Amino acid sequence: MSGRSPRKDGSCIIHLGGHHAGWGFDHATGESAGPIDLIHHATGLADRDLFEEAARLARMDLPAPQRAMTPKPTHDLEIARILGGVQPLVGTIGETYLRHRGVGDPRSPDLLYHDDLPDFDGRRGWPGLVGIVRDGAGNPVGGIHRTFLLDDGSGKAPPGKKMLGAIDSGSVRLAPIHPAFIQGMRLGRRTPAGLRPVAGPGA
1 MSGRSPRKDG SCIIHLGGHH AGWGFDHATG ESAGPIDLIH HATGLADRDL
51 FEEAARLARM DLPAPQRAMT PKPTHDLEIA RILGGVQPLV GTIGETYLRH
101 RGVGDPRSPD LLYHDDLPDF DGRRGWPGLV GIVRDGAGNP VGGIHRTFLL
151 DDGSGKAPPG KKMLGAIDSG SVRLAPIHPA FIQGMRLGRR TPAGLRPVAG
201 PGA
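Under the UniProt record's numbering, think of the first position of the sequence shown as 1, with each following residue one higher.
Set out below in structure tokens:
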């Protein structure tokens, strides 16, 4: 390692494993050298060429292994379970809630009632409104909008309003689609009953 003439029987060893893997030790001189120094002594390379050779030997020139993408969890089963338990608003606590807000049952097939919406944080179920979310063309986007209600329908329960599944920029429609005017419930609105007129094509 020092450039001195080698002894006939040799005295340098290179560790191939353990804590000192890649290091060389010259027992004749007491010197040691790390992996980069050993490559320099073996090849005569220096500076950038030396580090490029070290990277090649360490296989660092290969592409980094790609981590498998974890599928994004969906809420399809939970949405299907909720939609399987809904009913029309007529005569329900959902209708009572709307009347407290000054709005009657809009008779929309997309606004329904569920008597036991799960609240996993509160470890209980609440009655509530369930809205089917549609895009601008009127197609379901896959998600639903939930409004959790107090047991007597006098107001919203502590969970408030929550979305589940794909929502994008959709809305819950409270009346049939009209070419010039759409009445919808915009998600997150704080106006009475969440009602807001939405201009349609050509408006």
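Built from N, CA and C at the ideal position, the CB exists for glycine as well.
Everything numeric in this text was worked out from a predicted model, so none of it was measured.
* Cβ shell of Ser108 (< 7 Å), same chain only, five flanking positions each side left out -> Position 108 of the sequence shown holds residue 108. Excluding sequence neighbours, Ser108 sits near Arg173, Leu174, Ala175.
* Asked: Can His41 and Leu50 be called in contact, C-beta distance under 7 Å?
  -> Indexing the sequence shown from 1 puts residue 41 at position 41. Indexing the sequence shown from 1 puts residue 50 at position 50. No, the pair does not count as a contact, with Cβ atoms beyond the cut-off.
* CB Ser169 to CB His100, shorter than 7 Å? -> For the purposes of this step, residue 169 is taken as the residue at position 169 of the sequence shown. For the purposes of this step, residue 100 is taken as the residue at position 100 of the sequence shown. Not closer than 7 Å, so no.
* **Length-filtered (3 minimum) beta strand (DSSP E) runs lying within the region 106-167** => Whole beta strand (DSSP E) segments, 3+ residues: 111-119, 124-134, 140-149, 156-164.
* **Beta carbon of Leu150 nearer than 7 Å to that of Gly128** => Along the sequence shown, one-based indexing puts residue 150 at 150. Along the sequence shown, one-based indexing puts residue 128 at 128. Contact annotation: Leu150 and Gly128 have beta-carbon atoms that are not nearer than 7 Å.
* Drop a sphere of 10 angstroms on the beta-carbon of Ile14, count the other beta-carbons inside from all chains shown, and report buried for 16 or more, exposed for fewer. => Here the question's residue 14 lines up with position 14 in the sequence shown. Ile14 is exposed by the Cβ-count criterion.
* To do: Please check if any C-beta of chain B sits within less than 7 Å of the C-beta of Arg123.
  => Considering every chain present, this structure includes no chain B. It has just one protein chain.
* To do: On a CA-only basis, which of Ile132, Val133, Asp116 is nearest Gly125? Give me that one, please.
  => The count along the sequence shown starts at 1 and reaches residue 125 at position 125. The residue with the shortest Cα to Cα distance from Gly125 is Asp116.
* Asked: Under 7 Å between the Cβ atoms of Leu89 and Asp105?
  -> As a position in the sequence shown, residue 89 is number 89, starting the count at 1. As a position in the sequence shown, residue 105 is number 105, starting the count at 1. Yes, the Cβ-Cβ distance between Leu89 and Asp105 is below 7 Å.
* To do: Would you kindly report the start and end of the unbroken alpha helix (DSSP H) that includes Gly94?
  => Within the sequence shown, the letter at position 94 stands for residue 94. Looking at the DSSP string, the run of the alpha helix (DSSP H) that includes Gly94 is 93-100.
* To do: Provide the residue span of the beta strand (DSSP E) that contains Arg173, from first to last.
  => Walking along the sequence shown from the start, residue 173 turns up at place 173. From DSSP, the beta strand (DSSP E) with Arg173 extends over 171-173.
* Asked: In its own chain, which residues sit with a C-beta less than 6 Å from the C-beta of Ala157, not counting the 5 before and 5 after it?
  -> By one-based count along the sequence shown, residue 157 stands at place 157. Excluding its 5 nearest sequence neighbours in each direction, Ala157 has C-beta neighbours in its own chain below 6 Å: Trp126, Phe148, Leu149, Leu150, listed in chain order.
* Asked: What are the complete alpha helix (DSSP H) segments, minimum 4 residues, inside the region 37-63?
  -> Here the runs fully enclosed are 47-57.
* To do: In angstroms with no decimal places, state the Cα-to-Cα distance between His19 and Arg48.
  => Here residue 19 refers to the residue found at position 19 of the sequence shown. Here residue 48 refers to the residue found at position 48 of the sequence shown. Cα to Cα, the separation comes out at about 27 Å.
* Asked: What residues are listed by DSSP as bridge partners for Glu31?
  -> Counting from one through the sequence shown, the residue named residue 31 turns up at place 31. Asp26.
* **Same chain only: Cβ atoms within 7 Å of Ile132, ignoring 5 sequence neighbours per side** => Within the sequence shown, the letter at position 132 stands for residue 132. If you ignore the 5 residues before and after Ile132, its C-beta comes within less than 7 Å of the C-beta of Asp110, Pro140, Ile144, Val172, all in its own chain and listed in chain order.
* **Range covered by the alpha helix (DSSP H) that runs through Ser83** => For the purposes of this step, residue 83 is taken as residue 83 along the sequence shown, with counting starting at 1. In the sequence on display, residue 83 carries Leu and not Ser. Looking at the DSSP string, the run of the alpha helix (DSSP H) that includes Leu83 is 76-83.
* Would you grab the beta carbon distance between Val22 and Gly34 for me? Rounded to a whole angstrom, and I think it's under 8 Å. => As a working note, residue 22 is residue 22 in the sequence shown. As a working note, residue 34 is residue 34 in the sequence shown. Reading off the sequence, residue 22 comes out as Gly, not Val. Right, their Cβ atoms sit about 7 Å apart.
* Three-state class that DSSP yields for Thr70 in the structure shown -> Looking up residue 70 in the sequence shown gives position 70. In this structure, DSSP gives Thr70 a state outside helix and strand, which the three-state scheme calls coil.
* Asked: Out of curiosity, what's the CA-to-CA distance linking Gly94 and Tyr113?
  -> As a working note, residue 94 is residue 94 in the sequence shown. As a working note, residue 113 is residue 113 in the sequence shown. Roughly 6 Å between the two C-alpha positions.
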